[in-house]
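In this note's numbering, the protein residues as written are 7 to 86.
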């Protein structure tokens, strides 16, 4: 599995709506956290090997009503 983290900037007052819709409709999202700072939400996503990250973000996350901007971080290795 490929793990990515996506920071989401939401339209004003829409962060909770975006979070609830994301976890309810997108199976690749494992966690959604509300955060402070430049972005409103942090999403942890697991994608199948070979899955196109750009298409996933564009087709799944950008399609959520209330999403204004995203910043995607691709991971290499998890240290536990």
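Virtual Cβ for every residue (Gly too), placed ideally from N, Cα, C.
Residue pairing for residue 14: DSSP places it in a beta bridge opposite 47, 76. Boundaries of the beta strand (DSSP E) harbouring residue 38: 35-40, taken from the DSSP string. With respect to the 7 Å criterion, residue 10 and residue 41 are not classified as neighbours on the basis of their beta carbons.
48 is the residue among 48, 83, 56, 57 whose C-alpha sits nearest the C-alpha of residue 75. Counting C-beta atoms within 10 angstroms of its own C-beta, residue 71 has fewer than 16 neighbours from the protein chains shown and is therefore classed as exposed. Counting along the chain, residue 63 sits inside no alpha helix (DSSP H), nor does DSSP assign it H or E at all. Linking residue 46 to residue 14 through their CA atoms gives a straight-line distance of about 6 Å.
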